[in-house]
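Counting from 0, one number per residue, gives the positions in the sequence shown under numbering that gives the first Met the number 0.
Glycine included, C-beta positions come from ideal geometry on N, C-alpha and C.
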Amino acid sequence: MALSNQIMGQSSDLYSLLTERYVDRPVAMYKGQFQMKTGYHFSLIRKMFDPDGEKIDLTENGLVAAKHLLPFNVKYGVLDFIQLNAGSEFASMGVRTQTVVTPGLGGSLSQSELIRYNGFDDLYLGIDLSAPFKIRRINWLITGGIHLPVFNHEPEKPSHSYTILDEETGDANLKYIYNNKFGSGIPVGRVGSTIKLRLSLISLTGGFHYLGGLKEGESIQWNFRLVENKFEYEEELYQYHPGNQIEYYGECAIQAFNWFTIIGSFNGYQKKGGWSNITGKKVSYYDESLNQLAIGYEILASPMLRVEQYTLFPLSGKNVIGQWIFVTGISFNFISSGYNSLMN
């Protein structure tokens with residue numbers, strides 16, 4: 000079917016770029032291309048990896064958790080070799096423990112704990128540079144950027160409560176509710192590289208990134224005590240450093256149809272070197288690691304709209320929660336014909 004010279008405000012050449020197959024696309028944007036990406040991630044948390052890498056079933060200890068995440072990311076191709084990148088995410092998570100009932104002479108006491116996490120993560124600002132030479136089958140990208148702590152990372156005052164259920168028997172309910180935030184609280188630098196090999200029906204992509212805290216941070220913890228059935232709180236300042244982290248990623252994409260791509264990937268991270276003096280002494284954090292497998296697909300719904308869905312499964316790790324993550328993502332893409340022509 001012949002295409003008109005102008006489709007949805009784009010020239011026929013730009014239309015071809017927007018409808019390019021997944022396996023043929025470069026890692027970065029074309030010059031003048033704007034992409035806005037968002038979606039919804041739902042995480043089911045029922046497993047944890049201990050220091051030896053053994054899986055722990057959290058449901059056996061009464062721990063149940065779910066996480067909701069809304070990512071926001073924008074990219075813009077200044078030139079074919081230069082891309083600007085910015086993004087953050089809003090997340091909400093609650094970890095609830097099993098209610099424990101302790102009988103006593105003065106009545107029974109039921110205790111439960113809820114650890115809430117809510118808010119925005121750090122704001123990422125970055126620049127991506129493509130290799131200044133064109134090889135049809137290979138695309139190479141170098142990334143540099145910084146995660147800025149523009150949102151509040153300090154925990155809010157807990158919402159603990161003590162309730163007398165029965166005055167005669169003395170039965171009571173004690174709830175510990177912690178209100179935490181996301182974010183590192185300090186600037187974190189990021190450098191890395193991504194390379195993509197493009198074949199006729201398959202593409203292979205791999206990359207890694209290094210993240211490191213640029214200074215020590217400060218935060219607060221809430222000390223509390225129960226006095227005459229009411230909680231009293233006091234802030235205490237402490238110092239910390241999140242450590243250094245290496246992230247890695249590999250992907251294989253199969254172009255089933257021009258508009259439909261099957262995607263399988265492997266990703267993970269290793270984190271070391273963090274510490275805090277929250278206990279009054281400088282204590283190192285445990286090293287962390289996590290490896291995940293993902294399977295999903297992307298649909299080219301229109302020249303401007305792409306939809307993706309995939310599921311991530313935790314494979315192995317140490318000192319970290321293993322999440323089953325269900326992802327739905329959408330991206331809006333547009334290429335400015337005026338800017339693209341001006342920069343040619």
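Ordered along the chain, which non-local residues of its own chain (more than five positions away) have a Cβ less than 7 Å from that of residue i?
i    : result
S160 : K174
G184 : P148, H152, G216, S218
D23  : R197
L299 : T18, W258, R305
D170 : G106, S107, L164
M28  : Q34, K74, Y75, G76, Q82
G191 : T142, G206, F207, H208, Y209
With DSSP collapsed to three states, give me the class of residue i.
i    : result
V187 : strand
Y285 : coil
V306 : strand
N60  : helix
S275 : strand
L213 : coil
L13  : helix
D23  : helix
S199 : coil
S42  : strand
S111 : strand
G52  : coil
A300 : coil
G31  : coil
G316 : strand
T168 : coil
W258 : coil
Using the C-alpha atoms, what's the distance from residue j back to residue i?
i    : j    : result
S301 : K36  : 15 Å
R135 : R197 : 8 Å
M0   : L200 : Low local confidence applies: a pLDDT of 32 at M0 is under 50, so the model's placement there is unreliable, with the coordinate-based value given in what follows. Going by the C-alpha atoms only, they are around 23 Å apart.
H240 : L13  : 46 Å
L314 : Q291 : 5 Å
Q110 : T96  : 9 Å
F71  : L83  : 14 Å
F230 : R224 : 6 Å
G8   : F33  : In this prediction, G8 scores a pLDDT of 38, lower than 50, which makes its location untrustworthy; the coordinate-derived value is nonetheless stated afterwards. Between G8 and F33, the C-alpha separation is close to 14 Å.
S3   : L304 : Bear in mind that the predicted position of S3 carries a pLDDT of just 32, short of 50, making it unreliable; the figure below should be weighed with that in mind. Their backbone Cα atoms lie some 19 Å apart in a straight line.
T18  : F256 : 12 Å
T327 : L68  : 11 Å
S129 : I334 : 18 Å
I60  : E166 : First, the amino acid is wrong: residue 60 is Asn here, not Ile. Spanning the two alpha carbons is a distance of roughly 31 Å.
F80  : L140 : 9 Å
V94  : K180 : 13 Å
E287 : I294 : 24 Å
Y75  : E235 : 43 Å
L177 : T58  : What sits at residue 177 in the sequence shown is Tyr, not Leu. The straight-line gap from Cα to Cα measures roughly 20 Å.
I329 : L289 : 26 Å
V319 : V63  : 15 Å
N332 : E297 : 14 Å
E227 : V100 : 21 Å
W221 : S15  : 57 Å
Residues bridged to residue i by DSSP?
i    : result
P102 : Looking at the DSSP assignment, P102 forms no beta bridge with any residue, so it has no partner.
E250 : T204, S264
L78  : I81
S160 : K174
K180 : Answer is none; K180 lacks a bridge partner.
K66  : S42, M92
Following a CB-centred definition, is residue i positioned closer than 8 Å to any heavy atom of the ligand SAM?
i    : result
G144 : This structure simply doesn't include the ligand SAM, nor any ligand for that matter.
Can you list, in chain order, the residues of its chain whose CB lies under 6 Å from that of residue i, leaving out five sequence neighbours each side?
i    : result
G242 : K270, K271, G272, G273
E250 : T204, S264
H146 : D121, Y123, V187
W323 : L43
N325 : Sequence check: residue 325 is Phe here, not Asn. These residues qualify, in order along the chain: F41, T310.
G211 : G188, N243
Y344 : An answer regarding residue 344 cannot be provided, because it is not within the stretch 0 to 343 covered by the chain.
P25  : N138
K214 : I185
N276 : Y237, Q238
A85  : V73, L124
Taking the continuous beta strand (DSSP E) assigned at residue i, which residues delimit it?
i    : result
V94  : 81 to 95
L122 : 122 to 129
G321 : 319 to 334
F230 : 229 to 240
H152 : Careful: H152 lies outside any beta strand (DSSP E) and carries neither H nor E.
Closer than 8 Å by C-beta to residue i: which residues in its own chain qualify, once you throw out the five before and the five after it? Chain order, please.
i    : result
A65  : F41, S42, L43, I44, M92, G93
L113 : G93, V94, R95, T96, K174, Y175, I176, Y177
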